[in-house]
Amino acid sequence: MELRRQQLTRYVTPLREGGSLPALAEADDGFEYVVKFRGAGHGSKALIAELVGGEVARALGFNVPELVFLDLDEDFGRTEGDEEVQDLLKASRGLNLGLHFLSGAFTIDPYVNEIDEYTASCIVWLDAFLTNVDRTVRNTNMLRWHRELWLIDHGASLYFHHAWTDVEKAALSPFSYIRDHALLPRASRIYEADKNLRQKITPRTLQKIVRLIPDEWLVWDGSDKSPAELREAYAEFLIKRLANSAIFVKEAIDARQRLI
């Protein structure tokens, strides 16, 4: 399990969505990527969440744009006139993360675009597992591309790492924010989704995904833990959460009952 690594060559345009200021850019393989910059918002932790969340979703069988490591050197974006963007690029030199750009895709509206109840239940399960707070009606982070549903933007997952206190306690969280999930009203088969998805992913797979996190994303101000120790903590969180999925499944089902 590995990600390709490419060099960013051309800054195309900023994508002013939320506070992270991603951009559309071209790499030396000729493809365009939606770039998430390490110098934005929550820094490398958002990139870790994007990487881990996206690869967990892929391992479970969801469509996720290819994730690619993208190197940014000091010359990249030099002609960009926006000072805010220039500051962001300077702060993001080194290794960043890109999602393959799905040209022509459109955002899914759960009130307009039909999603079957089992698929909805699987996506709710995924986001409860990852503690992803950012798949709401306001911002679904789901696209329709080539007549298929694609999941994007998992950078708000694993929110425990912004406080980084008790990893075991965080892993056993019921995740009450699931009440705001865009697909919760349609997710009538969460028990079935839990049974099936737990069979698709193993602790070994989760450990392989965590090992993808680059060392340079695991050097944080205020932390004395080594990259290896931090990877171990991420793996512990995911493995324990998977083993105790009944906790967040019950929360999701109860939250749905309060809605309908």
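Number 357 in our numbering belongs to position 182 of the sequence shown; there are no gaps in the numbering. C-beta: ideal position from N, C-alpha, C; glycine also. Given the structure is predicted, the values throughout are model-derived calculations rather than measurements.
Quick check on residue i: buried or exposed, where buried means 16 or more other Cβ atoms within 10 Å of its Cβ?
i	result
Met176	exposed
Gly236	exposed
Phe281	exposed
Ser332	buried
Ile435	exposed
Ala368	buried
Arg310	buried
Thr377	exposed
Val394	exposed
Arg379	exposed
Measure the beta-carbon distance from residue i to residue j and round it to whole angstroms, keeping in mind my assumption that it falls under 8 Å.
i	j	result
Thr188	Leu196	Not quite, the Cβ-Cβ distance comes to about 11 Å (not below 8 Å), so this is no contact.
Ile388	Ile223	6 Å
Arg179	Asn271	Contact flag wrong, Cβ pair sits at about 13 Å.
Ala232	Val299	Not confirmed; about 13 Å, so no contact.
Measuring alpha carbon to alpha carbon, tell me which of the options ends up nearest residue i.
i	options	result
Arg253	Arg185, Ala357, Arg361	Arg185
Tyr366	Gly228, His336, Ser420, Pro402	Ser420
Thr306	Pro349, Asn288, His275, Glu289	Pro349
Lys370	Arg379, Lys400, Leu417	Leu417
Leu226	Leu190, Arg319, Gly269, Leu274	Leu274
Glu426	Leu264, Tyr352, Glu249, Tyr208	Tyr352
Phe276	Leu326, Leu372, Asp429	Leu326
Val385	Glu404, Leu372, Gly397, Gln374	Glu404
Gly330	Gly228, Pro360, Asp248, Glu323	Gly228
Tyr208	Asp399, Ala346, Thr377, Asp328	Asp328
Arg364	Ile428, His321, Ser398	Ile428
Ala430	Pro360, Asp257, Lys375, Arg319	Pro360
Leu372	Ala234, Glu249, Thr315, Asp204	Ala234
Gly181	Asn314, Gly269, Glu258	Reading off the sequence, residue 181 comes out as Gln, not Gly. Among Asn314, Gly269, Glu258, the Cα nearest to that of Gln181 belongs to Gly269.
Asp174	Asn316, Leu264, Thr315, Gln432	A question about residue 174 goes unanswered here, because the residues of the chain that appear run from 176 up to 435.
Could you compute how far the alpha carbon of residue i sits from the alpha carbon of residue j?
i	j	result
Glu230	Ala266	26 Å
Lys415	Ala202	37 Å
Trp392	Gln382	17 Å
Val312	Leu183	33 Å
Phe335	Ser401	18 Å
Ala303	Phe206	32 Å
Ile290	Leu301	15 Å
Val287	Val239	21 Å
Asp140	Val424	Outside the shown range of the chain, which is 176 to 435, sits residue 140, and nothing can be said about it.
Phe412	Ser278	35 Å
Phe251	Leu190	17 Å
Glu210	Gln374	A quick correction: the sequence has Val, not Glu, at residue 210. Roughly 32 Å separates the two Cα atoms.
Asp396	Leu318	35 Å
Asn316	Ala221	15 Å
**Message:** Contact between the segment 333 to 346 and the segment 233 to 249 is defined here as three or more beta-carbon pairs at a separation below 8 Å; is this criterion met?
**Reply:** Contact fails: fewer than three Cβ-Cβ distances are below 8 Å.
**Message:** Could you check whether the segment 352 to 364 touches the segment 395 to 414, counting it as contact only if at least three pairs of C-beta atoms, one from each stretch, sit closer than 8 Å?
**Reply:** Segments in contact, no.
**Request:** Check whether the segment 290 to 300 touches the segment 210 to 225, counting contact only when three or more Cβ pairs, one atom from each stretch, lie closer than 8 Å.
**Result:** Verdict: no, contact absent.
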